[in-house]
Structures are given as structure tokens and as C-alpha cells.
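Just below is one structure, and these are the notes that go with it.
Number of protein chains: 2
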Amino acid sequence: MLQYQADLDRKFHALADPTRRALLERLGDGPAAVSDLAAPMDMTLTAVMQHLGVLEDSGLVRTRKTGRRRMCEIDAFGVTVVEEWIAHRKAQWERRFDRLGAVVSEAKSAREKRK
Amino acid sequence: MLQYQADLDRKFHALADPTRRALLERLGDGPAAVSDLAAPMDMTLTAVMQHLGVLEDSGLVRTRKTGRRRMCEIDAFGVTVVEEWIAHRKAQWERRFDRLGAVVSEAKSAREKRK
DNA sequence: GCGATACTTAAGCATATGCTTCAGTATCAG
DNA sequence: CTGATACTGAAGCATATGCTTAAGTATCGC
Numbered sequence: 107m108l109q110y111q112a113d114l115d116r117k118f119h120a121l122a123d124p125t126r127r128a129l130l131e132r133l134g135d136g137p138a139a140v141s142d143l144a145a146p147m148d149m150t151l152t153a154v155m156q157h158l159g160v161l162e163d164s165g166l167v168r169t170r171k172t173g174r175r176r177m178c179e180i181d182a183f184g185v186t187v188v189e190e191w192i193a194h195r196k197a198q199w200e201r202r203f204d205r206l207g208a209v210v211s212e213a214k215s216a217r218e219k220r221k
Numbered sequence: 107m108l109q110y111q112a113d114l115d116r117k118f119h120a121l122a123d124p125t126r127r128a129l130l131e132r133l134g135d136g137p138a139a140v141s142d143l144a145a146p147m148d149m150t151l152t153a154v155m156q157h158l159g160v161l162e163d164s165g166l167v168r169t170r171k172t173g174r175r176r177m178c179e180i181d182a183f184g185v186t187v188v189e190e191w192i193a194h195r196k197a198q199w200e201r202r203f204d205r206l207g208a209v210v211s212e213a214k215s216a217r218e219k220r221k
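Chains A and B are the protein sequences, given in the same order. Just so you know, we're using our numbering here: the first sequence kicks off at 107 and counts up by one. Just so you know, we're using our numbering here: the second sequence kicks off at 107 and counts up by one.
Printed below as a string of C-alpha cells:
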């Protein structure tokens, strides 16, 4: 549970940066090497490497070294926890709205009866 | 578009903290005053207020002052952008997997033909 | 009115984040 | 072999974050 929270922390944090989201979008088209990812970015290779480090630690991206290049790719299952957390929250809110709705219609039918 | 990115930044950042996620879960049961939210937390009221400030700035929570109390509630539409961003990414990855699948089956039928 | 309640504001502080530069090390290509 | 390429690692630095304490202000309940 503690580990679960830490995982969500890392994943939401990883997603909370426009550069990292751009990297994920680029990686959505397919695997790429660090320098390919860095080329269009307006910052140093080192900075991009650090962002990739955050993404990898969060489990959203996997990388492996081949020769002198490090290939990066999306870990498609990485976002699942995030998706599920949001889905659960929405379900909770909707249950509440349903109950509110029930109360409202009860009140309404009570008014009907008095007629 | 710039504003869109900043909005995602704020929302993902707001969600990247266990205390703030706990506040959202609590608010999922219905509106509550700041001190009610702070009571079960292991930190000062001021700290909880600051977390609520982050949540409100991000558009995930709305608050209004009634008397000396400040009531807080979920803004159910606040997460929509976040949900959609994730949905779009997943769709992108899946399109890619489909194309990969197509390539694989083309190669396979090419092998079949050679038989 | 007046003390208790519910925030509010400001300041301070330790740590984390997002960058940079610079000096490596490990491949690869000719 | 040798120079270019592709990272890697360590510092350093400005700003942001997550907290705290302390001193307000504005209701509320008796």
C-alpha cells in the first residue's frame, strides 16, 4: 500500500512535466535512442537523459543499451495504475451523484404524494 | 496549447502527492470544511490549507467561504483533461501495436505464399 | 461582549527539481 | 588506429515544494 502510493507519486510526478510528456508522445511512434529524442528538444542531452531517468524510474519507459546507444521505449503497462486510480475516483464521485439523485427523486415523489 | 500544457502540469502535479490524493478521496464522499479535512491528517491545518490551495489552483477542487468555514468539494470535470491525455496516449500506442501486428501478419502471409 | 473556533498570512527552512557545464568512458566508422 | 559519436557522472546553481511556527482576522455560541 505504501509502495502503491510511492508508485503513484512517481508516475504522476513523471507526467507533470511538459518535456517528459513530449518524450512519451514521441516514444508513442516507436522506440528511439536518447540522442534522437534529444535532437528536437531545446535543452542539453544531459537534461533529456535526466528526464528519461525519471520516466524509467517511474516505470513508464524501459531502456536498454545496445552498443553505444541507449534505446528507449514505452512501457505500455506503466500507466495502468494511474488510469485505475482515476477510474476509481470517478466511480466514487458518480456513486455519490447517484445517491444525491436518489434523494432528489425521493423528495420529488414525496411531493407528488401530497398532491 | 501553452495553456493546455500548463493545465496538465498543474493537474498531474496536484495528483503527485499522497496527501492531496487522500484529500480527493475524502472529498469523494462529499463536501467538507478545511478543519474536517485536516483533523485526521498528521500535519498542521496550515499545511492542509496549502495542499487545498494546490488542488484548487489545479481545478480539481472548488471551495467557497460560508461564515467562518471554507467548504471544499470535488470539481468532477477537473480530471477530464488528464483522463483524455492518457486515453490519447494509449490510443497512440495501440495504433502502433496494430501496425506492428499488420506487418507481422503480412510477413506471415508472405511466408505462406512461398510454401 | 467575549472566549473559542476556523481559517489566513507571512516568514523561514530543509530538501527536491530542472537545468547547466565540464570531464570522462565506451563504441563505431573509415 | 583514430577521430567522431553517444552517452555517463559529478558538480553546481536557481527556483520550487512541503512543511513548520507565530501572529493575525473574522465568525459563532453562550
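The beta-carbon is built from N, C-alpha and C at its ideal position, and this holds for glycine as well.
**Host beta strand (DSSP E) of T169 of chain B (start-end)** = 167 to 172
**Item:** Same chain, Cβ closer than 8 Å to R175 of chain A, neighbours up to 5 away in sequence not counted
**Value:** A139, V140, S141
**Message:** Just list the residues that DSSP pairs A139 of chain A with in beta bridges.
**Reply:** A:M177
**Message:** Quick check: F118 of chain B and F118 of chain A, are their CB atoms within less than 8 Å of each other?
**Reply:** yes
**Prompt:** Do you know offhand how far E162 of chain B's Cα is from T172 of chain A's?
**Reply:** 46 Å
**Request:** Quick one: measure Cβ to Cβ for V185 of chain A and L166 of chain A, integer angstroms, because I've assumed they're closer than 8 Å.
**Result:** 7 Å
**Asked** Mind pulling the chain B residues with CB within less than 9 Å of L114 of chain A?
**Response** L121, A122, P124, R127
**Prompt:** What do you get for G134 of chain B, buried or exposed, if any count of 16 or more other CB atoms within 10 angstroms of its CB means buried?
**Reply:** buried
**Under 7 Å from the C-beta of L130 of chain B: neighbouring residues of chain A** = R195
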